[in-house]
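Report on the structure given below.
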Amino acid sequence: MTRKKELSAIIGALIVVVVGVGAFYFVSTRFETAPNPSVSNKEGRNEQPAGPANPAALPGNQ
């Protein structure tokens, strides 16, 4: 490869990395993950994450 092609390949790879890191940062800071249960149990019963209504309905237990 010529020097110009090598340089353009390196620059292209750097652009892909920068865009990927930027997208990861954007998604990780803008969107919530699964709700966490209260450590101090200050929330009421209806504010806790829901569990399965019927444990037998879970996949693998049928």
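According to full-length UniProt numbering, the sequence shown holds residues 1 to 62 in order.
Built from N, CA and C at the ideal position, the CB exists for glycine as well.
Since the structure is predicted, the reported quantities are computational estimates derived from the model, not experimental observations.
Next item on the list: Express the C-alpha separation of residue 28 and residue 19 in angstroms, rounding to a whole number.
Entry: The alpha-carbon atoms of residue 19 and residue 28 are separated by roughly 14 Å.
Note to self: Excluding the 5 residues flanking residue 54 on each side, which residues of the same chain have their C-beta closer than 7 Å to its C-beta?
What the structure shows: none
Item checked: residue 8 versus residue 14: straight-line alpha-carbon distance, rounded -> 10 Å
Note to self: Which of the three DSSP states is assigned to residue 32 in this structure?
What the structure shows: coil
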